[in-house]
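So the structure is just underneath, and the comments pick up after that.
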Amino acid sequence: MTFLKYLLILCTIFLMVTNSLSEEIDKEFNIKPEGNLDTVELVLENYKCIFSFAATGGTNENWKIFLTTENGVATCFIGRPKPISYLFFKQFSAQLINTKTGKSNIIPEISDNSGIMPLGDQYILTSDNKVVQSNNFAGNLAFLVLNSDK
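Taken in order, the sequence shown gives residues -22 to -1, 1 to 128; the numbers are from mature numbering (1 follows the signal peptide of the UniProt record, and there is no 0).
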């Protein structure tokens, strides 16, 4: 009986620690095709995800920014949940910053409505680890995922 009590206590502590290692926050925002530069950002623990954009064409679209941290690694997702986006992005930039260190070391994954776009094709990673459109950018975005390295 005593062994079962200790086992139950250990399991409870394990669950509490495991749940505290992963956190998430999200925010819905509306992109208006007015061509004006706008910015949305989220902050969670030691991370800040920033998405700046200017879009034209189509109609207003609801997009979502989602930031999660787990075991010291952060992931930021920015995109339109459904359906595909009909906006034409004149420009965009995205960055995931560790606010504690001031560093931004990310692994980006960006998709247009046709699929994943290779780094260097339609977007580039600047020297300060900000994702921006390249000269070849066709104006279409479906989602962006920024993963921090540990």
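Backbone N, C-alpha and C define an ideal beta-carbon position, used for all residues, glycine too.
Reduced DSSP category for residue i - H, G, I as helix; E, B as strand; rest coil
i, result
"N76", "strand"
"D90", "strand"
"K42", "strand"
"K128", "coil"
"E19", "strand"
Sheet register partners of residue i (DSSP bridge)
i, result
"T47", "E1, A52"
"T57", "One detail in the question is off: residue 57 reads as Gly in this sequence, not Thr. According to DSSP, G57 bridges with K42, F121."
"T34", "F66"
"N8", "N40"
"F29", "V18, A72"
C-alpha gap between residue i and residue j, whole angstroms
i, j, result
"residue 158", "G98", "Here the chain comprises residues numbered -22 to 128, so residue 158 is not present and cannot be evaluated."
"I94", "T37", "24 Å"
"Y64", "N91", "9 Å"
Identity of the residue in the options nearest residue i by Cα
i, options, result
"K81", "N14, S(-1), K26, I9", "K26"
"D106", "L119, I85, N113", "I85"
"E2", "E23, I9, L15, N14", "E23"
"N83", "L20, G50, K5", "G50"
"I62", "F55, E48, S89, F44", "S89"
Same chain, Cβ closer than 6 Å to residue i, five either side skipped, listed in chain order
i, result
"F53", "Going by the sequence as given, residue 53 is Thr instead of Phe. Result list for T53: T46, N125, in chain order."
Contacts around residue i, its chain only, beta-carbon distance under 8 Å, and the 5 residues preceding and following it disregarded
i, result
"R58", "E39, N40, W41, K42, A120, F121"
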